[in-house]
Amino acid sequence: MAADEGSQGSAIGTALLALGDRWNLLILQRAFVLHTRRFGDWRDQLGLSESTLAARLKEMVAAGLFERVPYDDNGRSRDEYRMTPRALELWNLLLAIWGWEQTALAAVEDAPVLMHDVCGGALNPVLGCGVCGTAGITARDTRAERGAQAEFARISVPRLHRRAQEPSGPIDPMSYYPETMAILGDRWSTAILAAAFLGIRRFNAFKAELGIAQSILSDRLRRFVAEGVLHEPDEAGEYRLTSKGMAFFPVYAVLVDWAQRWYGGDAADELTISHVACGNRLQPVLLCSECGGQLTRKSVHFDLRGSA
2 MAADEGSQGS AIGTALLALG DRWNLLILQR AFVLHTRRFG DWRDQLGLSE STLAARLKEM
62 VAAGLFERVP YDDNGRSRDE YRMTPRALEL WNLLLAIWGW EQTALAAVED APVLMHDVCG
122 GALNPVLGCG VCGTAGITAR DTRAERGAQA EFARISVPRL HRRAQEPSGP IDPMSYYPET
182 MAILGDRWST AILAAAFLGI RRFNAFKAEL GIAQSILSDR LRRFVAEGVL HEPDEAGEYR
242 LTSKGMAFFP VYAVLVDWAQ RWYGGDAADE LTISHVACGN RLQPVLLCSE CGGQLTRKSV
302 HFDLRGSA
């Protein structure tokens, strides 16, 4: 799909502007899992202020993720928010995030269980190549190339909100884990991780590529080391992804694919991830860990009984 008229910046940068915020991700998650559509339901489920919720929904409508549809509320006309085709395709991003949490992070008591309606099994999503059918694709099985005019710094975008405070106390089983929000709930963090997957390793290289302030970069790298996503810098001053960080690759691959299909336009500005074994551009698909079948939005559901 071509980029929106008047869109600016890289496809990934535009995607981060729409998604790189804790509340935006949680709003989308509730829309998918609980079929939430109405303002008051999101407010009650997430416990955020009406002003914050109104601002996020306005942004998400502007980004083409929701459309406002009127409904009758006892004689009063109100709006509910329905996901657009663009947003509906984000279901596999949310599944990839959930899969990373289950495989790379400590288990949360009473967490929802993802069920595959086709085989009836409880599953973890597995990244596959949609061209050749290979399952279990990792970052090491791929090669990333930038277009001749691609400017990687353009994936960094202005931050519109203060960094959200990390929740204290027990983790809500329905919400993303704090480690997830340390990456996806902040646009700078996501940009840094994307750079790491492209082989950026040194402090000054991150700074030059992203155009990021030194203090912000220092803070995010320190957080990633503390979270076990990056190793401590080695003697050469290089930050390398840990196994936990490498396990985030399916999320990264799905995000890049979605961003460039919905916000891409100029091939010279694209970031292309190729599957080395088959030589084709990676078309990321999620497969069932139990039966190997390709997952679709309507073939899976979360069993929420444990998190009720």
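Numbering (my numbering), first residue to last: 2 to 309. For every residue, glycine included, the Cβ atom is placed at its ideal position computed from N, Cα and C. Nothing here was measured: the structure is a model prediction, and the numbers come from that model.
By DSSP, does residue i sit in helix, in strand, or in coil?
| i | result |
| --- | --- |
| Val127 | strand |
| Arg23 | helix |
| Val114 | strand |
| Glu81 | strand |
| Arg202 | coil |
| Leu242 | strand |
| Ala165 | Because the pLDDT at Ala165 is just 47, under 50, the model does not fix this residue reliably, and the point stays unresolved. |
| Glu210 | helix |
| Tyr264 | coil |
| Gly294 | coil |
| Asn365 | Lying before the first or after the last residue shown, residue 365 is absent from the chain, which here runs from 2 to 309. |
| Arg306 | helix |
| Thr15 | helix |
| Ala136 | strand |
| Arg221 | helix |
| Glu146 | strand |
| Leu194 | helix |
| Asp235 | coil |
| Phe67 | strand |
| Ser216 | helix |
| Val301 | strand |
| Val286 | strand |
Among residues of its own chain, excluding the 5 on either side of residue i, which ones have a beta-carbon nearer than 7 Å to its beta-carbon?
| i | result |
| --- | --- |
| Val158 | The predicted model places Val158 with a pLDDT of 45, which falls under 50 and marks its position as unreliable; any figure quoted below should be read in that light. Correct list, in chain order: Gly10, Gly14, Leu17, Leu18 and Arg188. |
| Thr85 | Gly65, Leu66, Phe67 and Glu68 |
| Tyr72 | Arg79 and Glu81 |
Would you say the beta carbon of residue i is closer than 6 Å to some non-hydrogen atom of the ligand MG?
| i | result |
| --- | --- |
| Gly229 | Absence of the ligand MG from the depicted structure is noted, as is the absence of any ligand whatsoever, leaving it without description. |
Compute the Euclidean distance between the alpha carbons of residue i and residue j, then round it to the nearest angstrom.
| i | j | result |
| --- | --- | --- |
| Lys208 | Gly137 | 32 Å |
| Ala32 | Ser176 | 13 Å |
| Leu222 | Ala254 | 21 Å |
| Ser290 | His302 | 15 Å |
| Trp101 | Phe198 | 16 Å |
| Tyr178 | Ala195 | 20 Å |
| Gly121 | Leu128 | 19 Å |
| Cys130 | Val257 | 14 Å |
| Trp99 | Met182 | 12 Å |
| Trp25 | Arg241 | The residue asked about is misnamed: residue 25 is Asn in this sequence, not Trp. One C-alpha to the other measures close to 29 Å. |
| Asp220 | Glu210 | 17 Å |
| Leu276 | Asn75 | In the sequence on display, residue 276 carries His and not Leu. Each residue's Cα considered, the two are about 54 Å apart. |
| Arg224 | Ala192 | 14 Å |
| Ala206 | Leu231 | 15 Å |
| Gly212 | Ser52 | 31 Å |
| Arg77 | His36 | 22 Å |
| Ser190 | Gly41 | 31 Å |
| Thr135 | Ile184 | 27 Å |
Counting only the same chain and skipping the five closest in sequence on each side, list residues whose C-beta sits under 6 Å from that of residue i.
| i | result |
| --- | --- |
| Val119 | Gly294 and Ser300 |
| Leu287 | Asn93, Leu96, Pro126 and Leu296 |
| Pro171 | Since pLDDT at Pro171 reaches only 42, below the 50 mark, its modelled position is unreliable, and the value read off the structure follows with that caveat. For Pro171, where only same-chain residues beyond five positions count, there are no Cβ hits under 6 Å. |
| Arg298 | Trp92 |
| Leu27 | Leu47 |
| Asp5 | Per-residue confidence for Asp5 stands at a pLDDT of 45, beneath the threshold of 50, marking its modelled position as unreliable; the derived number appears in the next sentence. Contacts found: none. |
| Ala260 | Ala12, Ile13 and Ala16 |
When you compare the CB positions of residue i and residue j, do they come within less than 7 Å of one another, or not?
| i | j | result |
| --- | --- | --- |
| Ala12 | Gly200 | no |
| Leu106 | Glu228 | no |
| Ala108 | Met116 | no |
| Arg57 | Gly186 | no |
| Val226 | Glu236 | no |
| Trp263 | Arg87 | yes |
| Trp43 | Leu54 | yes |
| Thr273 | Glu146 | yes |
| Thr139 | Phe250 | yes |
| Val354 | Cys292 | No answer is possible for residue 354: the residues shown for the chain start at 2 and end at 309. |
| Arg83 | Val70 | yes |
| Thr143 | Leu283 | yes |
| Gly148 | Glu271 | yes |
Quick one: what's got a C-beta closer than 8 Å to residue i's C-beta in the same chain, skipping five residues either side?
| i | result |
| --- | --- |
| Glu239 | Arg202 and Arg203 |
| Gln215 | Lys208 |
| Asn281 | Cys130, Val132, Cys133 and Ser275 |
| Ile217 | Trp189 |
(request) Kindly confirm or deny that the stretch 239-254 and the stretch 36-47 touch, where touching means at least three C-beta pairs closer than 8 Å. (result) no
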